[in-house]
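Residue numbers (our numbering): 23 to 219.
No residue lacks a Cβ here, since even glycine has one placed at the ideal position from N, Cα and C.
All of these numbers come straight from a predicted model, not from anything done at the bench.
Notes to accompany the following structure.
As structure tokens, this is what we get:
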């Protein structure tokens, strides 16, 4: 677990070092809400969407090339989904690294498009009992892709909309301690607000 955390933080540190010295750097805090969309590769199990939240520090680099930038955050993320009547509560530290392009009216207002990878580390419960013989186990780490857009106002405030797409399995089922191959993915719609100091 510590090795995985170190690896993710090392990638973020390398990104900071590789950023040109002419880049403008802004630090802030980001938070918001998400709605989990648990998708299954089988219709055998019933799932429903639930709301969650995320919050944490963020940093934004505006590159010398007009409109281009990068944002990185370390977010405590809590997502929920209901599966066979049991609430699956996924708590993780997520580190999104998004490339972004901003266009608009300079510092007053602008629109941005963003996309990039997100690395997640599970910091909550991993095992959930569904029925007498069924279990669901969350993976210790996950990898996903963000696609988003938003508005910037007065150089300090951002409102964003994002879809987080899980790549690979988010968790696995087992019946009588035998693992099954049902592919579960916890995708999420997100709305966020960030304030940069």
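Are residue i and residue j close, meaning C-beta to C-beta below 8 Å?
i, j, result
"residue 138", "residue 168", "yes"
"residue 110", "residue 150", "yes"
"residue 215", "residue 89", "no"
"residue 134", "residue 74", "no"
"residue 182", "residue 190", "no"
Report all residues from its chain with a CB closer than 6 Å to the CB of residue i; omit the five preceding and five following residues, and keep chain order.
i, result
"residue 148", "159, 160"
"residue 48", "82, 218"
Would you list the one or two residues that DSSP bridges to residue i?
i, result
"residue 180", "174, 216"
"residue 73", "57"
"residue 160", "193"
"residue 87", "None, per the DSSP bridge assignment."
"residue 136", "122, 170"
"residue 210", "58, 186"
"residue 131", "175"
Could you spell out where the beta strand (DSSP E) holding residue i opens and where it closes?
i, result
"residue 95", "90 to 95"
"residue 221", "Because the chain here runs from 23 to 219, residue 221 falls outside it and cannot be looked at."
"residue 190", "Counting along the chain, residue 190 falls outside any beta strand (DSSP E), and DSSP gives it neither H nor E."
"residue 118", "108 to 126"
Measure from the alpha carbon of residue i to the alpha carbon of each residue in the options, then state which is nearest.
i, options, result
"residue 213", "189, 193, 219, 185", "185"
"residue 96", "132, 60, 178, 120", "120"
"residue 166", "174, 173, 192", "192"
"residue 207", "92, 48, 112, 93", "112"
"residue 217", "211, 189, 180, 210", "180"
"residue 50", "60, 126, 93", "93"
"residue 178", "80, 143, 141", "80"
"residue 162", "144, 140, 52", "144"
"residue 118", "136, 146, 87", "136"
"residue 87", "46, 176, 146", "46"
Quick one: what's got a C-beta closer than 7 Å to residue i's C-beta in the same chain, skipping five residues either side?
i, result
"residue 98", "76, 77, 78, 115"
"residue 91", "82, 83, 84, 85, 122, 124"
"residue 101", "56, 58, 74, 112, 208, 210"
"residue 188", "164, 166, 207, 208, 209"
"residue 174", "124, 131, 132, 134, 180"
"residue 126", "132, 133"
Please confirm whether residue i has its beta-carbon closer than 8 Å to some beta-carbon of chain D.
i, result
"residue 219", "Checking the listed chains, one finds no chain D in this structure; it contains a single protein chain."
Given residue i, which residues of its chain have a CB within under 8 Å of its CB, disregarding the five upstream and five downstream residues?
i, result
"residue 142", "99, 114, 115, 116, 117, 163, 164, 165, 166"
"residue 42", "At residue 42, the pLDDT of 49 sits below 50, so the modelled position is not reliable; the number obtained from the coordinates is stated separately. Closer than 8 Å at Cβ, skipping near neighbours: 85, 86."
"residue 140", "116, 117, 118, 119, 165, 166, 167, 168, 186"
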